[in-house]
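The listed protein sequences correspond, in order, to chains A and B. End of the first sequence = 185 in the numbering used here, gap-free, step of one. End of the second sequence = 185 in the numbering used here, gap-free, step of one. Ideal Cβ placement from N, Cα and C applies to all residues, glycine included. Working notes, structure below.
Number of protein chains: 2
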Amino acid sequence: MDAANDTRQRIITAAQELIYTRSYNEVGVQEICDHANVKKGSFYHFFPSKRDLALAVLDQSQAFMHETIIKKSFLDDIPPLARIERFFTTIYEFHKQVKENTGRIFGCPFGNFGCEMSTQDEDIRSKVDNILSTSEKPFVKALTEAVERGDLPAIDTAATARAIFAYVEGIMLYAKTCNDPELIRELGKRALQLAVPVNMQ
Amino acid sequence: MDAANDTRQRIITAAQELIYTRSYNEVGVQEICDHANVKKGSFYHFFPSKRDLALAVLDQSQAFMHETIIKKSFLDDIPPLARIERFFTTIYEFHKQVKENTGRIFGCPFGNFGCEMSTQDEDIRSKVDNILSTSEKPFVKALTEAVERGDLPAIDTAATARAIFAYVEGIMLYAKTCNDPELIRELGKRALQLAVPVNMQ
Chain A
-15 MDAANDTRQR
-5 IITAAQELIY
5 TRSYNEVGVQ
15 EICDHANVKK
25 GSFYHFFPSK
35 RDLALAVLDQ
45 SQAFMHETII
55 KKSFLDDIPP
65 LARIERFFTT
75 IYEFHKQVKE
85 NTGRIFGCPF
95 GNFGCEMSTQ
105 DEDIRSKVDN
115 ILSTSEKPFV
125 KALTEAVERG
135 DLPAIDTAAT
145 ARAIFAYVEG
155 IMLYAKTCND
165 PELIRELGKR
175 ALQLAVPVNM
185 Q
Chain B
-15 MDAANDTRQR
-5 IITAAQELIY
5 TRSYNEVGVQ
15 EICDHANVKK
25 GSFYHFFPSK
35 RDLALAVLDQ
45 SQAFMHETII
55 KKSFLDDIPP
65 LARIERFFTT
75 IYEFHKQVKE
85 NTGRIFGCPF
95 GNFGCEMSTQ
105 DEDIRSKVDN
115 ILSTSEKPFV
125 KALTEAVERG
135 DLPAIDTAAT
145 ARAIFAYVEG
155 IMLYAKTCND
165 PELIRELGKR
175 ALQLAVPVNM
185 Q
């Protein structure tokens, strides 16, 4: 990695950490620069605005979620519905560990941005909207496979995946607000009940 | 209402509107004072800190939700499960109207505060936590009545109400992020599927 890429990456990583543990509007550019050990002029060389940084942070958080949670959960070494259950176990264990280390549940980085910024910045809203749709895809795939195997009756897999991921966002918001990772485990058990019958969406 | 109460009320109402349509950290005390047509010294007479104002805003939003949504939805003129369906119809119609008037879905005022502030202010987190628990109560009551009438099998009504309200928060987050009130109608139809069997929580 060359020096410019390294500086850009340090800014993104500093912002990701500060914003995730607090909130977007609460963290200023100066604080991000201090945390990344970068001069403010250098910041604006890489990011014309704080919004551009936010979009890069969202990309990095999405890549992180894919590597640490999605890929592991949806491996096809177990039946498709068990993979969805493993998704909930994985996010439960992740946030339980974070709580043990920090005393806090920080929620879903995408839900946090969506909640805080959707009415304030159309580019950020649209990006989070897109990340939510993309996050539904491994659920659609697992549900489709479960229907094909006869593990589920015929259902609207796209509508079901959307209902499940909306529930995921609600669970993460509850876990953050109640500061209790056990809610992820308890509420997650009900996710597969949200099946949407075909033609009844 | 005397002059002091009127001033206090104007500050709360201005803050409620500004924070709900944007976010807590994005709205400063000076802007709230300007919007309420109140001097900054007067603000601190009523609210020692912005956090104290946030807690009063949450009280007012809770009272508003009770009057406009909960009371109307959970009237006992229809069977208990139909009241839960009416809750979703009511929030759908409310946010559809807001979207028509403003072009935006602003989400759940409690979920918004919980998402943005839970890791930053323990008093606000605890207040929102309490409001979420209180919001589950009319659902517990309707579910209990439905079990008693034989409209539902024996279920853990408290755990079911919690799962349903977590789903409500996820639906509102999705509707805000996708800026689409139709998600409230579509996803809301699945809420009663989240029944939690007795002793299996």
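Residue i burial status per 10 Å Cβ neighbour count (16 or more: buried)
i: Ser7/A; result: buried
i: His79/B; result: buried
i: Gly95/B; result: buried
i: Ile62/A; result: exposed
i: Arg109/A; result: buried
i: Pro137/B; result: exposed
i: Gly154/A; result: buried
i: Glu10/A; result: buried
i: Thr103/A; result: buried
Minimum C-alpha distance to residue i - residue among the options
i: Gly91/B; options: Ile3/B, Ala(-1)/B, Arg(-6)/B; result: Ile3/B
i: Phe72/A; options: Phe123/A, Glu132/A, Ile(-5)/A; result: Phe123/A
i: Gly98/B; options: Gly87/B, Leu127/B, Asn114/B, Ile139/B; result: Asn114/B
i: Lys160/B; options: Met101/A, Tyr28/A, His29/A, His50/A; result: Met101/A
i: Val180/A; options: Leu171/B, Ser110/B, Ala179/B, Val180/B; result: Leu171/B
i: Arg(-6)/A; options: Ala20/A, His50/A, Val13/A; result: Ala20/A
i: Ala143/B; options: Asp43/B, Leu178/B, Val112/B; result: Leu178/B
i: Leu116/A; options: Glu1/A, Asp43/A, Ser33/A, Gln14/A; result: Asp43/A
i: Glu1/A; options: Thr86/A, Glu129/A, Asp107/A; result: Thr86/A
i: Cys162/A; options: Lys111/B, Ile54/B, Gln14/B; result: Lys111/B
Sequence-distant residues of its chain with Cβ nearer than 6 Å to residue i (five each side left out)
i: Leu37/A; result: Ala(-1), Phe31
i: Lys24/A; result: Cys17
i: Pro93/A; result: Tyr4, Ser45
i: Asp135/B; result: Leu65
i: Val152/A; result: none
Residue i versus residue j - alpha carbon distance
i: Lys56/B; j: Leu65/B; result: 14 Å
i: Arg174/A; j: Thr(-3)/B; result: 38 Å
i: Ala145/B; j: Lys125/A; result: 29 Å
i: Val41/A; j: Ala(-12)/A; result: 17 Å
i: Thr141/A; j: Val22/A; result: 46 Å
i: Ser119/A; j: Asn183/A; result: 23 Å
i: Ile168/A; j: Asp(-14)/B; result: 47 Å
i: Leu157/A; j: Ala150/B; result: 8 Å
i: Thr52/A; j: Thr74/A; result: 9 Å
i: Leu176/A; j: Ile139/B; result: 17 Å
i: Val131/A; j: Phe48/B; result: 44 Å
i: Tyr28/A; j: Gly12/B; result: 25 Å
i: Ser33/A; j: Leu39/A; result: 10 Å
i: Asp107/A; j: His50/A; result: 22 Å
i: Ile54/B; j: Glu69/B; result: 12 Å
i: Leu127/B; j: Leu127/A; result: 29 Å
Residues of its chain near residue i, where Cβ-Cβ distance is below 7 Å and the 5 sequence neighbours each way are ignored
i: Ser26/A; result: Thr(-9)
i: Asp105/B; result: Arg35
i: Val165/B; result: First, the amino acid is wrong: residue 165/B is Pro here, not Val. If we look at Pro165/B and ignore the five residues flanking it on each side, its Cβ neighbours are Tyr76, His79, Lys80, Lys83, Ile89, Ala159.
i: Glu129/B; result: Pro64
i: Ala147/B; result: Leu178, Val180
i: Glu15/B; result: Leu2
Close-in-space but distant-in-sequence residues of the same chain around residue i (CB under 8 Å, 5 per side omitted)
i: Leu219/A; result: An answer regarding residue 219/A cannot be provided, because it is not within the stretch -15 to 185 covered by chain A.
i: Lys121/B; result: Ala145
i: Arg133/A; result: Pro63, Pro64
Sheet register partners of residue i (DSSP bridge)
i: Ile139/A; result: Pro181/A
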